[in-house]
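Here's the structure we're looking at; comments come further down.
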Amino acid sequence: MNIENVKEFISTIPYNKISLKDILAFEKTPRNMLLAVTTLAFLAMFVIGVAIYLVHGHHAYNVTREHPWGLLIAVYIFFVVSSTGLCIVGSLGDVFGFKDYMAISKRAIFGSIVTILSGFAVIAFEIGHPVTMLIYNVLSPGLTSAIWWMGTLYGLYLTFMIIEFVFLLKNDMKMAKYFGLTGLLVGLAAHSNLGSVFGFLNARPISNGVFYPTYFILTAFITGIYLAFIMYGFRYQLKFDDVAKKLLTGLAKIQGLLISILIFFVTWKLLTDIYGGMPNRSEV
Numbered sequence: 371m372n373i374e375n376v377k378e379f380i381s382t383i384p385y386n387k388i389s390l391k392d393i394l395a396f397e398k399t400p401r402n403m404l405l406a407v408t409t410l411a412f413l414a415m416f417v418i419g420v421a422i423y424l425v426h427g428h429h430a431y432n433v434t435r436e437h438p439w440g441l442l443i444a445v446y447i448f449f450v451v452s453s454t455g456l457c458i459v460g461s462l463g464d465v466f467g468f469k470d471y472m473a474i475s476k477r478a479i480f481g482s483i484v485t486i487l488s489g490f491a492v493i494a495f496e497i498g499h500p501v502t503m504l505i506y507n508v509l510s511p512g513l514t515s516a517i518w519w520m521g522t523l524y525g526l527y528l529t530f531m532i533i534e535f536v537f538l539l540k541n542d543m544k545m546a547k548y549f550g551l552t553g554l555l556v557g558l559a560a561h562s563n564l565g566s567v568f569g570f571l572n573a574r575p576i577s578n579g580v581f582y583p584t585y586f587i588l589t590a591f592i593t594g595i596y597l598a599f600i601m602y603g604f605r606y607q608l609k610f611d612d613v614a615k616k617l618l619t620g621l622a623k624i625q626g627l628l629i630s631i632l633i634f635f636v637t638w639k640l641l642t643d644i645y646g647g648m649p650n651r652s653e654v
């Protein structure tokens with residue numbers, strides 16, 4: 371494939387031109403104004419947070435060598451959990467062929483791209499030298515490190531999600547299915563590997579074990595469905611047509627099953643922690 375073919379491929383991707391004027395020309399309803407003010411407030415807090423980080427460095431997060439994981443780790447996990455969940459929801463239609471869920475595929479895959487990029491942005495401010503990390507991630511890979519595999523797999527996952535989204539825009543469902551399936555498998559592997567980062571913690575007996583790699587995938591699916599509900603709530607302003615009602619009803623049934631399974635898993639996790647006789651688990 372030469373440069374001309376690449377240019378031709380890119381030129382055939384449909385898109386809508388949106389200017390800053392178009393963004394600011396939204397309907398000035400009370401709800402929209404509240405959302406606009408909230409968005410500006412979050413952006414202002416982000417800028418202030420970045421400024422404090424640049425001035426004070428890693429100490430701004432109130433972390434130490436003894437407790438190196440702070441609030442940003444939790445934020446990072448939220449975003450990557452959301453991304454994996456939206457990927458699963460989007461795959462129901464374009465990968466697995468469930469017609470009722472085809473309508474949400476583009477939104478869900480786009481949401482998965484936005485949230486994984488948000489996760490990368492957060493972790494970039496948590497890592498002391500993100501550029502150095504990217505360089506040595508390639509030059510000296512730690513094949514026995516779960517964190518190295520996490521970063522590598524999530525990078526591949528983002529690549530496949532972007533390619534899948536491009537083919538969805540072009541309505542090339544065959545290629546979107548291939549890349550979507552590959553991206554889904556890589557994303558599940560990455561997310562399960564993220565759970566294993568906590569499962570390998572011998573210093574934290576409460577998290578050590580095989581529970582978290584499975585738990586992370588289950589909670590990702592649950593989070594993805596909740597975000598799909600929010601997306602459709604804003605899109606249709608709670609005035610759903612028949613297609614949307616059928617889709618949301620199906621997702622609600624899946625959600626009920628997933629939450630029941632989660633309750634079952636967590637209940638047995640708590641019981642084994644409390645009564646299993648493992649040191650330092652029942653105390654926690």
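This note's numbering numbers the first residue of the sequence shown as 371 and each following residue consecutively. Where a beta carbon is used, it is the ideal one built from N, C-alpha and C, also for glycine.
- For N402, same chain residues with a beta-carbon under 8 Å away, outside a window of 5 residues either side, are F396 in chain order.
- W519 and V445 have their C-alpha atoms some 20 Å from each other.
- If you draw a 10 Å sphere on the C-beta of N563, you find 16 or more other C-beta atoms in it, and that means buried.
- G594 is a Cβ neighbour of S452, given a cutoff of 8 Å.
- Residue range 441–464 is occupied by the alpha helix (DSSP H) that includes V445.
- DSSP places T408 in the uninterrupted alpha helix (DSSP H) bounded by 400–426.
- About 12 Å separates the beta carbon of G455 from that of I600, a gap too long to meet the 8 Å contact definition.
- With 16 or more other Cβ atoms from the protein chains shown falling within 10 Å of its own Cβ, A560 counts as buried.
- Under the 8 Å Cβ criterion, the region 456–464 does not count as touching the region 402–420, having fewer than three qualifying pairs.
- In the three-state reduction of the DSSP assignment, V580 falls in the coil class, being assigned neither a helical nor a strand state.
- In the DSSP annotation of this structure, D542 is not part of any alpha helix (DSSP H), being labelled neither H nor E.
- Taking the CA atoms as reference points, K476 sits about 37 Å from S510.
- If you draw a 10 Å sphere on the C-beta of S630, you find fewer than 16 other C-beta atoms in it, and that means exposed.
- It is roughly 17 Å from the alpha-carbon of D470 to the alpha-carbon of N541.
- Around the beta-carbon of K398, fewer than 16 other beta-carbon atoms lie within 10 Å, marking it exposed.
- For the pair H429 and V492, the Cα-to-Cα distance works out to about 16 Å.
- Leaving aside the five residues that flank I443 on each side, the residues in its chain whose CB is nearer than 7 Å to its CB run, in chain order, E496.
- Taking the Cα of G489 as reference, the smallest distance to any Cα among F468, F449, P500 is reached at F449.
- Rounded to the nearest angstrom, the Cβ distance from Y527 to I486 is 7 Å, consistent with a contact under 8 Å.
- Residues of the same chain with a CB within less than 8 Å of the CB of F635, apart from the 5 flanking positions on each side, are F581, T584, Y585, L588 in chain order.
- Between the C-alpha atoms of I644 and I447 there is a straight-line separation of about 26 Å.
- About 22 Å separates the beta carbons of F530 and V567, which is beyond the 8 Å limit, so they are not a contact pair.
- Between the alpha carbons of I533 and Y548 lies a gap of roughly 10 Å.
- In the three-state reduction of the DSSP assignment, Q625 falls in the helix class, which pools H, G and I.
- In the structure shown, L513 falls within a coil segment according to DSSP collapsed to helix, strand and coil.
- Under the DSSP assignment, V484 falls in the alpha helix (DSSP H) whose first and last residues are 475–496.
- Residue burial annotation: G427 is exposed, with fewer than 16 other C-beta atoms found within 10 angstroms of its C-beta.
- Counting only residues of its own chain and dropping the five nearest sequence neighbours on each side, K639 has a CB closer than 6 Å to the CB of F581.
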